[in-house]
Amino acid sequence: MIIQRYDDTRNEEVHDVVLGVLKEHGFEPDRLKDADLNDINGYYFGSGGAFFVGIVDGKVVGTAGIRKLGENRCEIRRIYLKKAFRDKGNGKKLFRTALDFAEKNCSGVFLKTDSTLTKAIDMYLKHGFTFKKEERGYLYFEKTF
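Numbering (this note's numbering), first residue to last: 215 to 359.
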């Protein structure tokens, strides 16, 4: 898998990956929660962040987003990977790309994930994130640099 910066020609593929992974885990699309997908450039790049896509055979198979926030902090979002490409180091590669961007451009980073996604939680903890709180089924983690 190669990782590239997102461009608008990949918009439909990104939608398919993200919404497909959400559905696989039992989550329905949400017009408000998924609004960032309608304007990836504005939501991620507009704040000084980034959005990356994992490509295999010319197709998007994974995503990773970083949104910059106030106080020189950022949020890692949208770490998604199609099922056939998991357990091969690809998810870690996407996550490391997002984390590397955050380390170079922010003083701290946070993320949230559903409490049922144990593999993701383990990866975050192994990369030095600290659990902060649980709220409505979401776990919040942060890391300072």
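No residue lacks a Cβ here, since even glycine has one placed at the ideal position from N, Cα and C.
In DSSP terms, what residue i is bridged to
i: E289; result: R281, F324
i: I217; result: G268
i: K273; result: V270
Own chain residues within Cβ distance below 7 angstroms of residue i, not counting five before or after
i: T311; result: I217, F266, A278
i: K273; result: E227
i: A264; result: R219, Y258, I280, F315
Chain-order list of residues whose beta-carbon lies under 8 angstroms from that of residue i (same chain, five-residue window excluded)
i: K306; result: M337
8 angstroms contact criterion, which residue i and residue j should meet: CB distance rounded
i: G276; j: L308; result: 5 angstroms
i: Y220; j: I254; result: 6 angstroms
i: N304; j: L295; result: 6 angstroms
i: K357; j: F343; result: 5 angstroms
i: K302; j: E238; result: So it is not a contact: roughly 17 angstroms between Cβ atoms.
Contacting residues, own chain, Cβ-Cβ under 6 angstroms from residue i (five flanking each side not counted)
i: G262; result: K282
>> Quick check for students: name the residue ranges of the alpha helix (DSSP H) that lie wholly in the segment 312-355, counting only runs of 4 or more.
In response: Annotation note: the segment 312-355 contains the following uninterrupted alpha helix (DSSP H) runs of length 4 or greater, listed N- to C-terminal: 332-340.
> Between the segment 313-321 and the segment 347-356, are three or more C-beta pairs nearer than 8 angstroms?
Replying inline: Counting Cβ pairs under 8 angstroms, fewer than three are found: no touch.
> Is the segment 227-237 close to the segment 321-330, with three or more CB pairs under 8 angstroms?
Replying inline: No contact exists between the segment 227-237 and the segment 321-330.
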